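Structure, as C-alpha cells:
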Amino acid sequence: MGMHASEKKHLSARAMLSKIRAVFKAIPDPTKDHGGQKHAISIADCLMSALAVFGLKFPSLLQFDHGRDDPVIKHNLTTLYGVKNVPSDTYMREKLDLLDQNRLRPAFTKLFSLIQRGKVLEDYRFLGKYILVALDGTGLFSSDKVHCENCCERHHRDGRITYYHQMLGAVVIHPDHREVFPFCPEPISKGDGSTKNDCEQNATKRFLPQFFKEHPHLSVVFTSDALSAKVPYLQPILEGGDHFIVGVNDTGNPSLFKWLKGVEMETKRVVRGNETWELSFYNHIPLNDANPDFEVNFIDCKISNDKGKVSHFSWITDLLVTQENVVDIARGGRARWKVENETFNTLKNQSYNFEHNYGHGHKHLCHILGLLMFLAFLIDQIQQRCCALFRAAMQKAKSKTRFWRRQQSIFTELYIASWEDLYIWMVDKTHGGVTMYDTS
Ligand SMILES: [Zn+2]
1 MGMHASEKKH
11 LSARAMLSKI
21 RAVFKAIPDP
31 TKDHGGQKHA
41 ISIADCLMSA
51 LAVFGLKFPS
61 LLQFDHGRDD
71 PVIKHNLTTL
81 YGVKNVPSDT
91 YMREKLDLLD
101 QNRLRPAFTK
111 LFSLIQRGKV
121 LEDYRFLGKY
131 ILVALDGTGL
141 FSSDKVHCEN
151 CCERHHRDGR
161 ITYYHQMLGA
171 VVIHPDHREV
181 FPFCPEPISK
191 GDGSTKNDCE
201 QNATKRFLPQ
211 FFKEHPHLSV
221 VFTSDALSAK
231 VPYLQPILEG
241 GDHFIVGVND
251 TGNPSLFKWL
261 KGVEMETKRV
271 VRGNETWELS
281 FYNHIPLNDA
291 NPDFEVNFID
301 CKISNDKGKV
311 SHFSWITDLL
321 VTQENVVDIA
331 RGGRARWKVE
341 NETFNTLKNQ
351 SYNFEHNYGH
361 GHKHLCHILG
371 LLMFLAFLID
381 QIQQRCCALF
391 RAAMQKAKSK
401 TRFWRRQQSI
411 FTELYIASWE
421 DLYIWMVDKT
431 HGGVTMYDTS
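Counted the way the numbering used here counts, the sequence shown spans residues 1 to 440.
Structure, rendered in C-alpha cells:
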C-alpha cells in the first residue's frame with residue numbers, strides 16, 4: 001500500500017479528536033436550565049468519554065465507573081481524549097439522553113473535510129469524477145421490554161410488542177478499497193410526539209436534503225437495494241444533481257422486466273480473475289407503467305466463477321451505460337455489499353458492540369450512542385487508510401480483536417502521553433523515547 005496520503009498530521013488520531021472535541025465544546029448543556037449544577041461535568045467531557053468507550057472498544061459504559069478514580073485511566077482519558085472530568089456512567093447517560101442528536105452532525109462533516117484536505121478521496125474516485133455512497137438501513141436496538149419515547153413498535157399477534165431503533169447508514173465505498181467512510185447516519189425512530197413508526201424510506205427523504213446542504217460540491221453516485229427502485233426515492237437524488245445505481249428485481253418492478261423481454265440488449269463479456277462477467281444493458285426505458293416519463297438505464301449481470309457458482313444481479317441507473325463504462329457501473333453496484341459487510345458487520349461483530357445495550361434512556365440516548373459508535377468507526381477507518389503507524393501496530397497484533405484487546409490493556413495499565421506513543425509502543429516496546437511508564 002502506498003504512503004501517499006499517509007503521514008498527514010491533520011489525519012492523526014490526535015488531530016481528529018481535537019476537532020471533534022471542539023465541536024462538542026460548542027454544544028450547549030441541555031441541563032443548564034434545570035439549575036443548581038455548579039460543578040457540572042461538561043457535555044464535551046460526557047461525549048468524549050462515551051466516544052472513548054467505543055474507540056477503546058470497552059464492552060460497557062460502566063467500565064468508567066470502576067475506573068473513574070483510577071489515576072491511570074483519568075490520565076489517559078485526558079491525554080488521549082482531552083477529558084477533564086470523567087463522568088459517572090449514570091451522569092453521562094442522563095446528560096446525553098437530553099441531547100439533540102443533530103448537534104453531533106458537525107463532528108462528521110469536520111472529519112469529512114479533513115479527508116478531503118488529505119486527498120484521501122482521490123483514490124476513491126468512481127467513473128473518474130464521482131464518489132460512490134451506499135445507503136442502507138440497519139438495526140441499532142431491539143427489545144421486548146426496554147423502550148423509550150422514540151422507539152418504533154412492532155405489535156405481534158399474541159399481544160407482545162417489540163421496541164426497536166434503526167439507522168440509515170450512508171457510507172463512501174469503492175470497489176477497490178477495503179476502508180469505508182460513513183457520513184452522519186440518519187436515525188430511524190418516532191420523532192417527538194409522533195405515533196407512527198418511522199421507516200428507511202422516510203429516513204432517506206430526511207437524509208438527502210441535509211446531505212446536499214452539508215456537501216454541496218460533492219458529485220455522488222448513490223447505490224442502494226431494490227427497495228429504493230421507486231420514483232419518490234430516485235427523483236430527489238436527480239434533483240440534487242447526483243446519480244444512482246440501484247438494485248432492481250421483477251417482483252418490485254414487473255413492468256420494467258416485461259418491457260425488457262421485448263428489446264434487444266447490448267452485451268459485453270469480461271473475465272475478471274476467476275470470474276466471468278456476462279453483462280447486458282439497455283438505455284432509456286421507463287421504470288414502471290405508473291411513471292412512463294421516468295426513464296432509467298438497465299444492466300443485467302451474470303457472474304460465474306471457476307467453481308461453477310453463478311450469481312445474478314440487475315441494476316437501474318441514470319448514468320448512460322456504454323461498452324466502456326458498463327463493467328465499472330456494475331462493479332459500483334456490486335460494491336454495495338460493503339455497507340453490509342465492512343460497515344454494519346464490523347460494528348456488530350468486531351468489538352464495537354453495536355446493538356449491544358449500553359442503557360437505553362428515555363429520549364435520545366440510543367441514537368446519541370449509535371452516532372458516537374459510527375464516529376469511532378470513522379476515526380478507525382481513516383487511521384487504517386492513512387496512518388502507517390496505526391497499520392504497523394495493527395499488523396503487529398495480527399488481528400483486529402487482538403489489537404483492540406491490547407490497546408485496552410495498555411490504556412488501563414500504563415500512563416500514555418500521546419496516541420503516537422501508544423502505537424509506537426504497540427509496534428515495538430523496546431523503542432527508545434517512549435514516555436510511558438508502568439504504574440506497578
Ligand atoms: Zn427507544
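The beta carbon of each residue, even a glycine, is placed where N, CA and C say it ideally should be.
Since the structure is predicted, the reported quantities are computational estimates derived from the model, not experimental observations.
Taking 8 Å as the cut-off, is the C-beta of residue i nearer than that to any heavy atom in ligand 1?
i       : result
Asn-197 : no
His-165 : yes
Glu-149 : yes
His-360 : yes
Phe-54  : no
Ser-399 : no
Ser-189 : yes
Phe-141 : yes
Cys-301 : no
Cys-366 : yes
Who are the Cβ neighbours of residue i in its own chain at under 7 Å, not counting the five residues just before and after it?
i       : result
Arg-21  : Ala-44, Met-48 and Gly-82
Lys-396 : Met-426 and Val-427
Val-321 : Phe-281, Asn-283, Asn-297, Ile-299 and Ile-329
His-177 : Asp-123 and Tyr-124
His-155 : Ile-161
Tyr-233 : Gln-201 and Thr-204
Ser-12  : Cys-387 and Trp-419
Arg-14  : Ser-418 and Trp-419
Gly-332 : Phe-126, Leu-132, Pro-175, Val-221, Thr-223 and Ile-245
Residues bridged to residue i by DSSP?
i       : result
Tyr-233 : Per DSSP, none; premise fails for Tyr-233.
Gly-361 : Gly-361 pairs with nothing; no bridge assigned.
Trp-277 : Val-270 and Ile-303
Ile-245 : Thr-223 and Thr-317
Ser-142 : Tyr-164
His-155 : Ile-161
Phe-126 : Tyr-130
Give the DSSP-derived three-state secondary structure of residue i in the structure shown.
i       : result
Phe-58  : coil
Asp-380 : helix
His-215 : coil
Ala-40  : coil
Val-427 : helix
Gly-252 : coil
Leu-135 : strand
Ile-368 : helix
Lys-398 : coil
Leu-414 : strand
Thr-31  : coil
Glu-264 : coil
Pro-106 : helix
Ala-15  : helix
His-66  : helix
Pro-468 : Beyond the ends of the chain as shown, which are 1 and 440, falls residue 468; an answer cannot be given.
Val-83  : coil
Ala-5   : Because Ala-5 carries a pLDDT of 41, less than 50, the predicted location of this residue cannot be relied on, and the following value inherits that uncertainty. Three-state result, Ala-5: coil.
Ser-228 : helix
Thr-439 : Low confidence applies here, because Thr-439 scores a pLDDT of 49, under 50, leaving its location unreliable and the question unanswered by this model.
Leu-99  : coil
Cys-148 : coil
Cys-46  : helix
Lys-25  : helix
Ser-88  : coil
Here's a check: name, in chain order, each residue in its chain whose Cβ is nearer than 6 Å to the Cβ of residue i, leaving out the five neighbours to either side.
i       : result
His-360 : Val-146, Cys-148 and Cys-366
Cys-184 : Arg-105 and Phe-108
Ser-351 : Lys-57 and Trp-404
Thr-267 : Ser-280
Leu-389 : Tyr-423
Ala-393 : Tyr-423, Met-426 and Val-427
Starting from the C-beta of residue i, find all residues in its chain whose C-beta is less than 8 Å away, skip the five residues before and the five after it, and write them out in chain order.
i       : result
His-364 : Leu-96, Asp-97, Leu-98, Leu-99, Asp-100, Gln-101 and Asn-150
Ala-376 : Leu-51, Phe-54, Gly-55 and Tyr-352
Asp-289 : Ser-255
Ala-335 : Leu-132, Ala-134, Ile-173, His-174, Pro-175 and Thr-223
Runs of 3 residues minimum, wholly inside the region 281-351: which ones carry the beta strand (DSSP E) assignment? Taking only runs of at least 3 residues, the beta strand (DSSP E) segments lying wholly in the region 281-351 are 291-305 and 310-317.
Enumerated in chain order, which unbroken segments of the beta strand (DSSP E) with a length of 3 residues or greater are wholly contained in the region 162-209? The region 162-209 contains these whole beta strand (DSSP E) runs: 177-182 and 186-188.
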